[in-house]
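Participant: Residue numbers (the working numbering), protein chains in the order written: chain A, 2 to 221; chain B, 511 to 760. Cβ coordinates follow ideal geometry from the N, Cα and C atoms, glycine included. This one's a predicted model, so the numbers in the text were calculated from it and none came from an experiment.
#1: So which residues of chain A does residue 727 of chain B contact, with C-beta pairs closer than 8 Å?
#2: With 7 Å set as the bound, which would you pick, yes or no: does the beta-carbon of residue 703 of chain B sit closer than that to a beta-carbon of chain A?
#3: Going along the region 61–81 of chain A in order, which residues come within less than 8 Å of chain B, judged by CB to CB distance?
#4: Nearest chain A C-beta to residue 660 of chain B closer than 7 Å, yes or no?
#5: Does any C-beta atom of chain A lie closer than 7 Å to the C-beta of residue 796 of chain B?
#6: Could you name each continuous alpha helix (DSSP H) segment of 4 residues or more that falls completely within the region 647–735 of chain B, going from the start of the chain to the end?
#7: For a test of the three-state rule: what should DSSP assign to residue 2 of chain A, helix, strand or coil?
#8: Check each residue of the region 591–611 of chain B: if its Cβ is closer than 9 Å to any Cβ of chain A, include it; give the result in chain order.
#9: Considering only residues of the same chain and omitting the five flanking positions on each side of residue 210 of chain A, which have a CB-CB separation below 7 Å?
#10: Please return the same chain residues whose Cβ sits closer than 8 Å to the Cβ of residue 653 of chain B, not counting the five positions on each side in sequence.
#11: As an exercise, report each continuous alpha helix (DSSP H) stretch of at least 4 residues that is fully enclosed by the region 143–182 of chain A, in chain order.
#12: Could you check the C-alpha separation between residue 716 of chain B and residue 80 of chain A for me, to the nearest Å?
#13: Out of B/755, B/705 and B/703, which has the shortest C-alpha to C-alpha gap to residue 726 of chain B?
#14: Report yes or no: is there a C-beta of chain A within less than 7 Å of the C-beta of residue 719 of chain B?
#15: I'd like to know whether the C-beta of residue 740 of chain B is nearer than 7 Å to at least one C-beta of chain A.
#16: Under 8 Å: do the region 148–168 of chain A and the region 67–87 of chain A share three or more Cβ pairs, one atom per stretch?
#17: Provide the residue span of the beta strand (DSSP E) that contains residue 541 of chain B, from first to last.
#18: For residue 746 of chain B, count neighbouring Cβ atoms within 10 angstroms of its own Cβ and tell me buried if that reaches 16, exposed if not.
#19: Can you tell me which of A/124, A/108 and A/34 puts its alpha carbon nearest to the alpha carbon of residue 177 of chain A?
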């Protein structure tokens, strides 16, 4: 294996580690939301520092590889993809932290009936699954799996669109729970962004493996 | 302890001040790249370590050049012994008009080794170290000139390794080679640093980035900057280094 290949492999391993951490952050946030476990939510907030540290390390590694090895073709595309995926992952980590903050800041347990009615937990599970699927696509250079993400993102968009009406109706009936209803609506908005980040990462994998640019194009 | 160290080295060719107070310390098992525009002193600096500059008329050297803590310009230093410890590979492959086997065995023979089995083992080991063995093992008795340029250069590296030096000097070792042969030499350097301390002069900035752990930038006989290659190539301290590595001058 050449020196460059060794460096790229090590960068890939680092990215996968960061990815797994972000998946875990989302999972813990979902559990904290379901069980209203503020300690777990605080743990997510603390672990955000680790996500940020990964981002800085991967940025620096990419910079070094660009500067030292002048990568071309697939190696260049891989590095460009990792740089952007790194950014997407960091933002996904921010999203988990943001939702964890809602949990910490909310006074009372979240109303399970609203969580069910808005499909918030379902949305959580779907966004976690999307993130894991894109990770598998990245690890195996599987562009078919990467493409499957686009359809799943539409599902998250659908839940997001219906949430406004569901939450508005809930607030009308439970005016005293307006704050937590708004937190749930914000959570749904944030999870919709997780879908967008996953979709962006899927596009980067396709760019890296197939040299095709899918940004701003219909995905069907 | 440093493997190689120079302290305030000045070198004059007659009146020409070619190296100006160069102080560098190099760790064992690292690759140090010497870069800089033509005439900056990098090859002169490289040739300090096997005392090749001694062969030039009117050379005057001051300061200290240490390998393994010993001043190699000390009167007690035997240049022949020094050169057993410090191998050198030049810009153009320069195999001897001998067989592949004899090229590698040459250094051993001139050093008085006669044990046939020992020589055979050492030749094989050196050719393996230089990543050439698989390509030449069935034609060891053929002339070295039958090899391609890239193979000849790896043969020269094997020849340098056969006497088991601990330091390897490389003066633009890939500049006369095609990209594939260059890549092989670069990979070889990456492997060889596990056992050797390597100093390489290169005009190819990308090559310095790819192969070296440390980089020294020379300009008109001065050491402008010496640091980890990562640092030099991402955030050099000195604007002159930045201008040179980005191709703005030189």
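Facilitator: A quick look at the data gives this:
#1: For the purposes of this step, residue 727 of chain B is taken as residue 217 along the second chain, with counting starting at 1. Result: empty, since nearest Cβ-Cβ is about 15 Å, beyond 8 Å.
#2: Within the second chain, numbered from 1, the residue matching residue 703 of chain B stands at position 193. So no, residue 703 of chain B is outside the interface.
#3: 64, 65, 68, 69, 70 and 71
#4: Translated into the one-based positions of the second chain, residue 660 of chain B becomes position 150. Cβ-Cβ to chain A under 7 Å: no for residue 660 of chain B.
#5: Because chain B in this structure spans residues 511 to 760, residue 796 of chain B falls outside the shown range and cannot be described.
#6: 659–672, 689–702 and 715–721
#7: Taking the first residue of the first chain as position 1, residue 2 of chain A is located at position 1. Three-state result, residue 2 of chain A: coil.
#8: none
#9: Stepping through the first chain from its first residue, residue 210 of chain A is reached at position 209. Cβ neighbours of residue 210 of chain A beyond the five flanking positions: 142 and 144.
#10: For the purposes of this step, residue 653 of chain B is taken as the residue at position 143 of the second chain. Taken in chain order, the residues that qualify are 607, 608, 609 and 610.
#11: 144–174
#12: Residue mapping note: residue 716 of chain B aligns to position 206 of the second chain, counting from 1. Residue mapping note: residue 80 of chain A aligns to position 79 of the first chain, counting from 1. Going by the C-alpha atoms only, they are around 17 Å apart.
#13: The residue given as residue 726 of chain B occupies position 216 in the second chain. The shortest Cα separation from residue 726 of chain B among B/755, B/705 and B/703 belongs to B/755.
#14: Against the second chain, residue 719 of chain B aligns to sequence position 209. Cβ-Cβ to chain A under 7 Å: yes for residue 719 of chain B.
#15: Residue 740 of chain B sits at position 230 when you count from the first residue of the second chain. Yes, because at least one Cβ of chain A sits closer than 7 Å to the Cβ of residue 740 of chain B.
#16: no
#17: Taking the first residue of the second chain as position 1, residue 541 of chain B is located at position 31. From DSSP, the beta strand (DSSP E) with residue 541 of chain B extends over 541–545.
#18: Mapped onto the second chain, residue 746 of chain B falls at position 236. Label assigned to residue 746 of chain B: buried.
#19: Translated into positions along the first chain, residue 177 of chain A becomes position 176. When only C-alpha atoms are compared, the closest one is A/108.
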